[in-house]
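Participant: Just passing along the structure, written as structure tokens.
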Amino acid sequence: MITKNRQPDSVIHEMIRKAFPEKTATDIQELTEGMCNVTYNITFSDGEECILKIAAKDTTGNTSNEIRLMTAEVKAMQLVREHCTFHVADVLAYDCSRTICDGDYFFMEKLPGVNYSFIKENLPEETRRGIAREIGEISRQLRRITNPQFGFLGDTKRYDHLSDFVHTMLRNLITDGQKKNVDLGCDVEKLLEEFEEEKYIFDEVPSATLVHWDMWEGNVFVEGEHVSGIIDWERAMWGEAFMDDRFRKHSRNKDFLEGFGQKDFSETELMRIRWYDIILYLTMMVEVFYREFEDKGQYFWAKEQFLSVLHREAT
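Listed below in structure tokens is the structure:
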């Protein structure tokens, strides 16, 4: 299991002094959510709180599609605050100099509410449906943030064509899987040949919009009966809205689509959605071995989903 980049209190206090020279921290509590970055809840003497997030000191546990993740996250959050009305935490300070800490880190506003994944099953169905619609509305708002080219937000490389970007993601995952001897369950050369035959479907998307990519319940905060914020923007990219997790085979639902404003899809849109399904499930399979998870349950679940999509089984 890849170890989080935990820091002693003495280092954290030094980080706090640099970011907030007028404040004094009275309590530092590690938060247990998340698998790679380490996060802390910081309480100050004036009663205010914020969140400190520290990245790993190296990229040992990252796949090739995970590039400068903390840079991507900070950039995405700033873009959302400038262009959207839904709430995202304000970035209070960001340091990538590694002069105090051996990993990049940032302080951000503490969002109100609780993690949706912790309470979802205890909420009434109508409340869950309303939250799904709000998440759809959030995905629709992200379409306001546009870019002429495609690519990972943390990467400097850009692609003029969506097909080239998606091909890179696919090829990276195959190569990563081969490096770790991951059984992907298919003939990868045939998979790449199939992509070449269908890549024309991406030509319908001439420019990019901001995509969170990982907006599952664990990255949604809820207060009362409403979404109070979205977290973990580290995998954000310039892509197509349908690339986000909420459009995937296992999670797409009519309430989300109602909020998004599109309930039906053309034949070529469904074909693109299928390729985005393939990329997510390959990612979930491969990352198990890069993160060194002891429990391989995610791998087996994702492989089942992948094969179902690959063989075009009805859902």
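Residue numbers for the sequence shown follow this note's numbering, beginning at 98 and rising by one.
Even for Gly, the Cβ is constructed at its ideal location relative to N, Cα and C.
(1) Shortest alpha-carbon distance to S405 belongs to which of V263, L379, E391 and R268?
(2) Sorted by chain position, which residues of the same chain lie with C-beta nearer than 8 Å to R268's C-beta, five sequence neighbours on each side aside?
(3) Among M167, V188 and T182, whose alpha-carbon lies nearest the alpha-carbon of Q175?
(4) For I415, which beta-bridge partners are listed by DSSP?
(5) At 3 residues or longer, what runs of the beta strand (DSSP E) sit wholly inside the region 371 to 397?
(6) Using the three-state DSSP reduction, which class does G233 fall into: helix, strand or coil?
(7) So the beta strand (DSSP E) L208 belongs to, where does it begin and stop?
(8) What residue ranges within the region 158 to 190 form continuous alpha helix (DSSP H) runs of no fewer than 4 residues, ordered along the chain?
(9) Under a three-way DSSP split, which group does E127 fall into?
(10) Report the option in V135, D261 and H347 whose CA atom is closest to the CA atom of D374.
(11) Taking only the alpha-carbon atoms, compute the straight-line gap between G144 and A152 and give it to the nearest angstrom.
(12) Would you say W313 and A333 are within 9 Å of each other, going by their C-beta atoms?
(13) Quick check: the Cα distance between V135 and E146, rounded to an integer number of angstroms?
(14) Given R165, which residues of its chain have a CB within under 6 Å of its CB, disregarding the five upstream and five downstream residues?
(15) Looking only at its chain, what residues have a beta carbon closer than 7 Å to the beta carbon of E322, apart from the 5 residues adjacent to it on each side?
(16) Please confirm whether L307 and L354 have their CB atoms less than 9 Å apart.
(17) Would you list, in sequence order, the uninterrupted alpha helix (DSSP H) runs of no fewer than 4 residues that lie entirely inside the region 217 to 305?
(18) Could you check the C-alpha separation between E206 and L281 for me, to the nearest Å?
(19) Smallest Cα separation from V108: which of S142, I232 and L149?
(20) Could you tell me which residues DSSP pairs with A122 in its beta bridges?
(21) Is the separation between the beta-carbon of T160 and that of Y387 shorter than 9 Å?
(22) Which residue from E163, R343, S363 and Q395 puts its Cα closest to that of R230?
(23) Name the two residues that bound the continuous beta strand (DSSP E) containing K115.
(24) By the 10 Å Cβ neighbour count, where 16 or more other Cβ atoms means buried, how is T168 classified, buried or exposed?
(25) Would the beta-carbon of G336 be found less than 8 Å away from any heavy atom of the ligand NAD?
(26) Where does D352 fall in DSSP's three states?
(27) Closest by CA to F299, which one among A338, F117, D199 and W398?
(28) What is the DSSP secondary structure of E146, counted as helix, strand or coil?
(29) Could you tell me the alpha carbon to alpha carbon distance between A399 and I376, rounded to whole angstroms?
Facilitator: In short, the structure shows the following:
(1) L379
(2) L289
(3) V188
(4) This structure gives no information on residue 415, because the portion of the chain shown stretches from 98 to 412.
(5) none
(6) helix
(7) Here L208 belongs to no beta strand (DSSP E), and DSSP marks it neither H nor E.
(8) 166 to 180
(9) strand
(10) H347
(11) 26 Å
(12) no
(13) 17 Å
(14) G251
(15) T224 and G227
(16) no
(17) 222 to 239, 259 to 276 and 285 to 295
(18) 40 Å
(19) L149
(20) F141
(21) yes
(22) R343
(23) Not the beta strand (DSSP E): K115 falls in the alpha helix (DSSP H), residues D106 to A116.
(24) buried
(25) The ligand NAD is absent from the structure shown, which contains no ligand whatsoever.
(26) helix
(27) A338
(28) strand
(29) 11 Å
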